[in-house]
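Asker: Take a look at the following structure, please.
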Amino acid sequence: MNLKIGDVVRLKSGGPQMTVDHIENDDVHVAWFDGRKCKRVILTEIMLCLVNEQEDE
């Protein structure tokens, strides 16, 4: 998978939609909102799947 900054992803196991904000080697930095609080974490690309824009509709 070729992720790029701004892509919307989700853990393969489920969870919130997250936005890719930085990529460094196999590390993908993502951010999402939990209520009004912005949360961030670093994950490996193999843990993520792209969110299809049609899922939002």
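If you count the sequence shown from 1, you need to add 104 to reach my numbering. In this text, a Cβ means the ideal position worked out from N, Cα and C, and glycines have one as well.
1) Please name the residue in Lys116, Val112, Leu107 whose C-alpha comes closest to that of phenylalanine 137.
2) Using only CA atoms, which one of Ile127, Arg140, Ala135 lies nearest to asparagine 106?
3) For leucine 152, count the other beta carbons within 10 Å of its own beta carbon; 16 or more makes it buried, fewer makes it exposed. Which is it?
4) Rounded to whole angstroms, what's the CA-CA distance from threonine 123 to valine 134? Just pull it up for me.
5) Between the C-alpha atoms of isoleucine 109 and glycine 139, what's the straight-line distance to the nearest angstrom?
Answerer: Answer, in terms of the structure:
1) Taking the sequence shown and counting its residues from 1, the one referred to as residue 137 is at position 33. Checking every option, the nearest Cα to that of phenylalanine 137 belongs to Val112.
2) What you label residue 106 is simply residue 2 of the sequence shown in a count that begins at 1. Distances from the CA of asparagine 106 to each of Ile127, Arg140, Ala135 were compared; the closest alpha carbon is that of Ile127.
3) Walking along the sequence shown from the start, residue 152 turns up at place 48. Answer is buried; the Cβ neighbour count reaches 16.
4) Locating residue 123 in the sequence shown gives position 19, where the first residue counts as 1. Locating residue 134 in the sequence shown gives position 30, where the first residue counts as 1. Distance between the alpha carbons of threonine 123 and valine 134: 5 Å.
5) Position 5 of the sequence shown, counting from 1, holds the residue named residue 109. Position 35 of the sequence shown, counting from 1, holds the residue named residue 139. As the crow flies, the alpha-carbon of isoleucine 109 is around 23 Å from that of glycine 139.
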